[in-house]
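Q:
Protein chains: 2
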Amino acid sequence: MKATKPRRMTDRGRKTRAALLAAAERLFGVHGYEGTSIVDLTRAAKLALGTYYIYFPDKKTLFIELVDQLGIRLREHVALRAGHATDRLEIERLSLLAFLEFVAEHRHLYRIVRQADFVDQKCFRRYYDRMAQPYARQLREAAKRGEIRDGNPEVMAYCLMGVADFIGMRWGLWEKKPSPAVIAEALAFTRGGLLPQMPTSRRSPRHLAARPAAAVAH
Amino acid sequence: MKATKPRRMTDRGRKTRAALLAAAERLFGVHGYEGTSIVDLTRAAKLALGTYYIYFPDKKTLFIELVDQLGIRLREHVALRAGHATDRLEIERLSLLAFLEFVAEHRHLYRIVRQADFVDQKCFRRYYDRMAQPYARQLREAAKRGEIRDGNPEVMAYCLMGVADFIGMRWGLWEKKPSPAVIAEALAFTRGGLLPQMPTSRRSPRHLAARPAAAVAH
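Residue numbers (the numbering used here), protein chains in the order written: chain V, 1 to 218; chain U, 219 to 436.
#1: Which residues in chain U have a C-beta closer than 8 Å to the C-beta of Thr190 of chain V? List them in chain order.
#2: Can you give, in chain order, each stretch of the alpha helix (DSSP H) that sits fully within the region 256-340 of chain U and has at least 4 residues?
#3: How about Glu34 of chain V: is its C-beta nearer than 8 Å to some C-beta of chain U?
#4: Between Leu41 of chain V and Ala23 of chain V, is the Cβ-Cβ spacing less than 8 Å?
#5: Taking all protein chains shown into account, decide if Leu378 of chain U is buried (16 or more other Cβ within 10 angstroms of its Cβ) or exposed.
#6: Taking contact to mean 3 or more Cβ pairs, one atom from each stretch, closer than 8 Å, check whether the region 358-375 of chain U and the region 171-185 of chain V are in contact.
#7: Can you find a C-beta in chain V that's less than 8 Å from the C-beta of Gln415 of chain U?
#8: Along the chain, where does the alpha helix (DSSP H) containing Glu372 of chain U start, and where does it finish?
#9: Taking 8 Å as the cut-off, does the region 94-101 of chain V touch the region 121-131 of chain V (at least 3 CB pairs, one atom from each stretch)?
#10: Return the CA-CA distance between Ala263 of chain U and Ala237 of chain U, expressed in angstroms with no decimal places.
#11: When burial is assigned at 16 or more other CB atoms within 10 Å of the CB, is Ala432 of chain U buried or exposed?
#12: Given a threshold of 16 other Cβ atoms within 10 Å of its Cβ, counted over all protein chains shown, does Gln333 of chain U qualify as buried or as exposed?
#13: Any beta carbon of chain V sitting closer than 8 Å to that of His399 of chain U?
#14: Leaving out the 5 sequence neighbours to the left and right, which residues in its chain are closer than 8 Å to Val39 of chain V when beta-carbon positions are compared?
#15: Which residues in the same chain have their Cβ closer than 8 Å to the Cβ of Leu298 of chain U, if we skip the five residues on either side of it in sequence?
#16: Assuming Arg130 of chain V and Gly168 of chain V are in contact, meaning their beta carbons sit under 8 Å apart, how far apart are those beta carbons, in whole angstroms?
#17: Are there 16 or more other CB atoms within 10 angstroms of the CB of Trp392 of chain U, so buried, or fewer, so exposed?
#18: In chain A, what lies closer than 9 Å to Gly172 of chain V by C-beta?
#19: If the cut is a Cβ gap below 7 Å, which residues of chain U does Ala186 of chain V touch?
#20: Could you compute how far the alpha carbon of Thr279 of chain U sits from the alpha carbon of Tyr376 of chain U?
#21: Under 6 Å Cβ to Cβ from Ile309 of chain U, same chain only, skipping five residues before and after it: list those, please.
#22: So is Phe317 of chain U in contact with chain V if we call contact Cβ pairs under 8 Å?
#23: What are the start and end residues of the alpha helix (DSSP H) that includes Glu185 of chain V?
#24: Looking only at its own chain, which residues have a Cβ that is under 6 Å from the Cβ of Asp335 of chain U, when we skip the five neighbours before and after it?
#25: Are the beta-carbon atoms belonging to Ile64 of chain V and Asp150 of chain V less than 8 Å from one another?
#26: If the cut is a Cβ gap below 8 Å, which residues of chain U does Arg111 of chain V touch?
#27: Can you tell which of V:His106, V:Val163, V:Lys176, V:Arg107 has its C-alpha closest to the C-alpha of Leu194 of chain V?
#28: Is the Cβ of Phe102 of chain V closer than 8 Å to any Cβ of chain U?
#29: Give the residues of chain U in contact with Val163 of chain V, contact being defined as C-beta atoms less than 7 Å apart.
#30: Given that Arg343 of chain U touches chain V, what residues does it touch there, using C-beta distances under 7 Å?
#31: Can you name, in chain order, every residue of its own chain whose Cβ lies under 7 Å from the Cβ of Leu27 of chain V, other than the five neighbours on each side?
#32: Any C-beta of chain V sitting closer than 8 Å to the C-beta of Leu299 of chain U?
#33: Taking 8 Å as the threshold (beta carbon to beta carbon), is Gly151 of chain V in contact with chain U?
#34: Among V:Val113, V:Tyr55, V:Arg170, which residue has its Cα nearest to the Cα of Thr16 of chain V?
Quick look at the structure:
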């Protein structure tokens, strides 16, 4: 390799690293972690095999880096779209739209993240945990401001993530994109889950017999 | 193989088939589909290699059969636990508990089903679709009876499945089991998602500005 100025080397290094991550997103997504070799990765990124090892010591390290990066980029994308909103329900609406946009841009997101369950358990859980922890903090603050009901914010965060995940899978991946009606329905569901609930006395007579929330799991 | 009476052969056949499916659930769960060979499967089921091919033509067919069977058994288990209830919210409560029980009994359920995304797309989608379709029908009927609000029942079904999936993953798999408080919170969330929502005028002043449900995705 020809000697280059440190500054140019850094730029080229970043580009090479990004090319490897882009190749990894495509190949791990299409062929799976087991079905992809370092040779495949360098070939797709148009690099010599030896170059790989300047950036990553093995296949697993690149995979983990890819999952972490996808998580960071998803959270950045959501923050970009929802960051200016102040009301929690509006933030939820913008966040779901941003998540669905990200899924449309990163069609292999689900397949890659779910493989982490086999490749590296810590990385797998970290992906969700790094999403859930700030989410829960924000929900706690929104409850303090009276924008949503008071509840266990981590459970609420996982409920919201579960809804987004399944709507994104069913309508974002299996169809071209979710219709406005599908998104509106999912938002109505999560809004109901977050807002104070109607007192039992205001429900239909059938629900007079329903157990109160706190006793429901016993 | 020694000749046996048809009746005994059928019994033995069923047992052998069940042994292969049990071995598959364990091995595909621990080592993954790619990391498990037919030799591994027959060894774990204490069968001669040749016996495998009496039951399944290849590894993929056994895997697909396993995913389909897990789906059937999960739906049967939920029906067993929730079948006697009549009110939709009570059915939801019992169904979530039944799902979490099933996850505790079948620790590899998630890993197996999610691998289907790579092994056989049709099988992967069928697993969720066969859950969602009857679910949606039941929700539509519950809405007609006035037990839940009127909404798109398939979207509601996927929202409920997403919540159960993520609660089951976070607290059912990553911890020993979800606490009653976690389950109660998840049920409060889904109940809010299903019940008629409080009219805007009854919410805090902040929410007077919130958009109505139908307009929320535009």
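Virtual Cβ for every residue (Gly too), placed ideally from N, Cα, C.
Here the structure is a predicted model, which means the values were calculated and not measured.
A: According to the structure data:
#1: Cys377, Gly411
#2: 256-262, 267-273, 277-300, 306-323, 327-337
#3: yes
#4: The answer is yes: Cβ separation under 8 Å.
#5: buried
#6: Contact between the region 358-375 of chain U and the region 171-185 of chain V is present: 3 or more CB-CB pairs across the two stretches fall below 8 Å.
#7: yes
#8: 371-385
#9: no
#10: Their Cα atoms are separated by approximately 6 Å.
#11: Caution is warranted here: a pLDDT of 42 is assigned to Ala432 of chain U, below 50, making its placement in the model unreliable, and no coordinate value can be reported.
#12: buried
#13: Rather than His, the amino acid found at residue 399 of chain U in this sequence is Ala. Taking Cβ atoms only, chain V reaches closer than 8 Å to Ala399 of chain U, which makes this a yes.
#14: Leu49
#15: Ala316
#16: With a Cβ gap of about 18 Å, Arg130 of chain V and Gly168 of chain V do not count as contacting.
#17: Result: exposed.
#18: Looking for chain A here will not work: the only protein chains present are V and U.
#19: Val373, Cys377
#20: 27 Å
#21: Ala300, Ala303
#22: Proximity of Phe317 of chain U to chain V, defined by a Cβ-Cβ separation below 8 Å, is not satisfied.
#23: 180-194
#24: Excluding sequence positions up to five before and after Asp335 of chain U, its CB lies within less than 6 Å of the CB of Phe342, all in the same chain and listed in chain order.
#25: no
#26: Simply Asp335, Phe336.
#27: Nearest Cα to Leu194 of chain V within the set V:His106, V:Val163, V:Lys176, V:Arg107: V:Val163.
#28: no
#29: Cys377, Gly380, Val381
#30: Trp174
#31: Only Thr36, Asp40, Leu41, Ala44 meet the Cβ criterion.
#32: Checking the sequence shown, residue 299 of chain U turns out to be Arg, not Leu. Answer no: the Cβ-Cβ gap between Arg299 of chain U and chain V never drops below 8 Å.
#33: yes
#34: V:Tyr55
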